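One rule links them: number in the numbering used here = place in the sequence shown (from 1) + 48. Beta carbons are placed, not taken as given, at the ideal position from N, Cα and C, and that holds for glycine. Just so we're clear, the structure is a prediction, and the values are computed from it rather than from any experiment. Data first, discussion second: the structure below is written as structure tokens.
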Amino acid sequence: MSFDTTSQNKDRQYLLNRKEIWVFGYGSLIYKVDFPYIEKAPATIIGWKRRFWQGSHDHRGTPEKPGRVVTLVRSNNDHCAGIAYKVNPEVFDHLDHREKNGYLRYDVDVVFNVAPSLTDKGAKKGLVYIAPKDNAAFLGPASIKQIAKHIHQSSGPSGHNRDYVFQLADALRALGEIDEHVFAIDSYLKEFKAQET
Numbered sequence: 049m050s051f052d053t054t055s056q057n058k059d060r061q062y063l064l065n066r067k068e069i070w071v072f073g074y075g076s077l078i079y080k081v082d083f084p085y086i087e088k089a090p091a092t093i094i095g096w097k098r099r100f101w102q103g104s105h106d107h108r109g110t111p112e113k114p115g116r117v118v119t120l121v122r123s124n125n126d127h128c129a130g131i132a133y134k135v136n137p138e139v140f141d142h143l144d145h146r147e148k149n150g151y152l153r154y155d156v157d158v159v160f161n162v163a164p165s166l167t168d169k170g171a172k173k174g175l176v177y178i179a180p181k182d183n184a185a186f187l188g189p190a191s192i193k194q195i196a197k198h199i200h201q202s203s204g205p206s207g208h209n210r211d212y213v214f215q216l217a218d219a220l221r222a223l224g225e226i227d228e229h230v231f232a233i234d235s236y237l238k239e240f241k242a243q244e245t
């Protein structure tokens, strides 16, 4: 599988016949919302956990020295909190390009915590971008300290890799969510940054 999944994603789901479309963000889609949306709400998906196991060759790293960004991995006893956005189908031209580095669109049940125009809590069908283990940019697991060191030394066209972690950790705190994996990496990166000064 190549890094660029844009054309694959266009063939994965037919979106024009869907009554409404929600896309679930769990990484940079939480804090960098560079696309139009109709509505947004805090939400969760069940059976997944966030991990810094995906390489970033185009945003937070380079082809020669990829950074690390989050993907989702199956975990029956876990859940992943984020933000769901109600969008029009045209948005996926932009999102498919933005998430092209190994990410594929998957259907998922999105559970809303509180939603502005939903009458009560509940689940809706949504889409999520996940970088599966067999994609060419997948870096896989490592210790928290190794991941933090890798991130600390990486940067790309979108800036320092560590800023991605800082912004994600801050966004999760603002949501009142605890993600031990993200927060542990965030803590190491703050130590490394302090040692530089």
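Taking the DSSP output, what are the residues bridged to Trp-70?
Lys-134
According to DSSP, Arg-153 sits in a beta bridge with which residue or residues?
Note: Arg-153 sits in a beta bridge opposite Tyr-177.
Taking 8 Å as the threshold (C-beta atoms), are Ile-233 and Ile-199 in contact?
yes
Locate the alpha helix (DSSP H) running through Lys-11, then write down its first and last residues.
It is not possible to answer for residue 11, since the shown part of the chain is limited to 49 through 245.
Minimum C-alpha distance to Leu-237 - residue among Asp-211, Arg-122 and Ile-226:
Asp-211
Taking one C-beta from the segment 136-148 and one from the segment 93-100 each time, how about it: are there three or more such pairs within less than 8 Å?
As far as the Cβ criterion goes, the segment 136-148 does not touch the segment 93-100, which means the pair count is below three.
Bounding residues of the beta strand (DSSP E) (the contiguous stretch that carries Gln-102)
Looking at the DSSP string, the run of the beta strand (DSSP E) that includes Gln-102 is 87-104.
On the CB-based measure, 16 or more other CB atoms within 10 Å of its CB, does Ile-195 come out buried or exposed?
buried
I'd like the list of long-range same chain contacts for His-114, defined as Cβ closer than 6 Å, with 5 residues on each side in sequence excluded.
According to the sequence as given, residue 114 is Pro; it is not His. Only Gly-103, Ser-104 and His-105 meet the Cβ criterion.
Identify every residue that forms a DSSP beta bridge with Asp-218.
For Asp-218, which the question treats as bridged, DSSP gives no partner whatsoever.
As a quick exercise: from Ala-185, Phe-72, Tyr-133 and Phe-100, pick the residue whose alpha carbon is nearest that of Lys-193.
Phe-100
How big is the Cα-Cα spacing for Tyr-79 and Phe-160?
Roughly 18 Å separates the two Cα atoms.
In its own chain, which residues sit with a C-beta less than 7 Å from the C-beta of Ala-91, not counting the 5 before and 5 after it?
Phe-72, Gly-130, Ile-131, Ala-132, Val-158, Val-159, Phe-160 and Asn-161
Mapping DSSP to helix, strand and coil, what is His-107?
coil
Using only the alpha-carbon positions, how far apart do Phe-214 and Lys-241 sit?
11 Å
In the DSSP assignment, the alpha helix (DSSP H) including Tyr-236 goes from what residue to what residue?
Going by DSSP, Tyr-236 is part of the alpha helix (DSSP H) stretching over 228-244.
Neighbourhood of Asp-126 by C-beta, 6 Å cutoff - its chain only, sequence neighbours within 5 removed:
Excluding sequence neighbours, Asp-126 sits near Lys-97.
Where Tyr-62 falls, given that 16 or more other Cβ within 10 Å makes a residue buried
By the 10 Å Cβ count, Tyr-62 comes out exposed.
Inter-residue spacing [alpha-carbon to alpha-carbon] between Asn-149 and Ala-190
Looking at the two C-alpha atoms, the distance is approximately 20 Å.
Determine the burial state of Leu-64: buried for a count of at least 16 other Cβ atoms within 10 Å of its Cβ, exposed for fewer.
exposed
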